[in-house]
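J.: There's a structure below that I have some questions on.
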Amino acid sequence: MSFPPVRQLMRSLIGPVFLTLQELQAWLDNRGRHACPFCDSAGRLWRNGKYYAKQASGETILRGQKILCANCRRGFILRLADFVFGHAVRCEEIGRLLECLAQADQPSIPRALERSAKPFSIATAYRWFKKLSLVLSVIRAALASRHPPRPSASCQRRPLLETYEHLRQAFIDQPCPLSAYQNCFQKSILANA
Ligand SMILES: [Zn+2]
1 MSFPPVRQLM RSLIGPVFLT LQELQAWLDN RGRHACPFCD SAGRLWRNGK YYAKQASGET
61 ILRGQKILCA NCRRGFILRL ADFVFGHAVR CEEIGRLLEC LAQADQPSIP RALERSAKPF
121 SIATAYRWFK KLSLVLSVIR AALASRHPPR PSASCQRRPL LETYEHLRQA FIDQPCPLSA
181 YQNCFQKSIL ANA
């Protein structure tokens, strides 16, 4: 029987999601009290290297911490919520694009991209809107369980913008509603369930 490379396994296993580095550090400092999610043994979790994202610019940015269980030798990742999981893209970049789209009188993706200081190419922006469009019902269902939506005239009846407005309302006290969603529900904004 063959197994996928360890690195690939590590990427696929989602551990706790933190909003700030301080929260992640507090978890690490108390890791002796946490049990392994696979074998349930307590106090056997080791640091196994930092988890970085490589940006298109070549810059590497800390995204979390890899953890290895000394008992069962399985690993998982403590993640920071400010990146979309599995992608080297910050939630705030996607949020800024959605914000520019929501504020326009006539929502246009090329114009929104222009106004958001162009973090992506136009093809990438369209790809992101498509990815998000596939999971809108999952996001709305998760949000509705905690924050019932309020109708808004500004979203112009576009499902994507309605969902963004719902995210903004749900996490009104947070600077980035997408990161806050990943932290609150402990899953990716692109999770399809
Ligand atoms: Zn274990």
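In the working numbering, the protein residues as written are 1 to 193. Backbone N, C-alpha and C define an ideal beta-carbon position, used for all residues, glycine too.
1) State the Cα-Cα distance for the pair D40 and R111, rounded to the nearest angstrom.
2) If you measure from the CB of F38, is any heavy atom of ligand 1 nearer than 6 Å?
3) Keeping to the same chain, check which residues put their C-beta closer than 7 Å to that of V138; ignore five residues upstream and five downstream.
4) Keeping to the same chain, check which residues put their C-beta closer than 6 Å to that of R146; ignore five residues upstream and five downstream.
5) When burial is assigned at 16 or more other CB atoms within 10 Å of the CB, is P177 buried or exposed?
6) Report the option in K118, T20, R79 whose CA atom is closest to the CA atom of G49.
7) Who are A53's beta bridge partners in DSSP?
8) What does a CB cutoff of less than 7 Å around S116 pick up in its chain, not counting 5 residues either side in sequence?
9) Across which residues does DSSP place C69 in a beta bridge pair?
10) For the alpha helix (DSSP H) containing I122, list its first residue and its last residue.
T.: On the basis of the supplied data:
1) Taking the straight line from one Cα to the other gives about 51 Å.
2) Using a cutoff of 6 Å, the CB of F38 counts as near ligand 1, since one of the ligand's heavy atoms is closer than that.
3) Same-chain partners within the cutoff: A191, N192, A193.
4) Spatial neighbours of R146 in its own chain (CB-CB distance under 6 Å, excluding positions within 5 residues in sequence) are not present.
5) It counts as buried.
6) Comparing Cα positions, the closest option is R79.
7) A53 is bridged to I61.
8) R96, L97, C100.
9) For C69, the pairing in a beta bridge is given by DSSP as L45.
10) Element bounds for I122: 122-133.
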